[in-house]
Amino acid sequence: MLGRTHIAIGILLALLLLPFISVPSKLLFVALVAFGSLLPDVDHENSKINKVIPVTRWIPKLFKHRGFFHSIFPVIIIYGVFWYFNERFIGLSLAFGYLTHLFSDSLTRMGVNFLHPVSTWHMRGPIETGTIFETAIFIGVLVGIGAKLVF
Ligand SMILES: [Zn+2]
Numbered sequence: 052m053l054g055r056t057h058i059a060i061g062i063l064l065a066l067l068l069l070p071f072i073s074v075p076s077k078l079l080f081v082a083l084v085a086f087g088s089l090l091p092d093v094d095h096e097n098s099k100i101n102k103v104i105p106v107t108r109w110i111p112k113l114f115k116h117r118g119f120f121h122s123i124f125p126v127i128i129i130y131g132v133f134w135y136f137n138e139r140f141i142g143l144s145l146a147f148g149y150l151t152h153l154f155s156d157s158l159t160r161m162g163v164n165f166l167h168p169v170s171t172w173h174m175r176g177p178i179e180t181g182t183i184f185e186t187a188i189f190i191g192v193l194v195g196i197g198a199k200l201v202f
């Protein structure tokens, strides 16, 4: 899935979650979720995150796309590190954003192996990355964000 679709889905899910949680800053929460929603694609050379933060560009050379970085293990590591440094809000926000990415990728044909490398089972869906179908989802999610902000 494209970076823009991941950011949009992350923002929409963050907005939907906001009424049920208490956070120090709603804006910071949404921003951290949006950033977290880009993180799994550090394992892809041409991803948005690798264009924004060039220091992670070595990762695709060592890790295959949708392997370890598209499993739940980095989510646990990210949350654990921020929990250790007593920054639970940041850790939870980034972890939630990361999970929104894994969830949206699991709707694509390529799918996601949440337990890589422990298991080989992929959760898959009907969406093909970069197609008109994905663009339609992107626009639908934007409309959802707009509706959530207005109502
Ligand atoms: Zn991905």
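Read in the working numbering, the sequence shown has 101 at position 50, and its numbers run on one by one without any break.
A virtual CB, placed ideally from N, CA and C, is assigned to each residue, including glycine.
Taking 7 Å as the cut-off, the C-beta of MET52 counts as close to a heavy atom of ligand 1.
HIS152 has its CB nearer than 7 Å to a heavy atom of ligand 1.
Under DSSP, the beta-bridge partners assigned to VAL163 are MET174. By the Cβ rule, the region 126-137 does not count as touching the region 172-191, because fewer than three pairs are nearer than 8 Å. Distance from the CA of VAL103 to the CA of TRP109, rounded to the nearest whole angstrom, comes to 14 Å.
Screening all residues for a C-beta within a distance smaller than 5 Å of any heavy atom in ligand 1 leaves PRO91, ASP92 and ASP156, in chain order. Between the region 104-124 and the region 85-96, the count of C-beta pairs closer than 8 Å reaches three or more; the two stretches touch. C-alpha of THR171 to C-alpha of PHE202: approximately 42 Å in a straight line. Apart from the 5 residues on each side of it in sequence, ALA146 sits with its Cβ closer than 6 Å to the Cβ of VAL126, ILE129 and TYR130 in its chain, given in chain order. VAL201 sits in a helix when the DSSP states are folded into three classes.
Here the alpha carbons of THR56 and GLU185 stand approximately 8 Å from one another.
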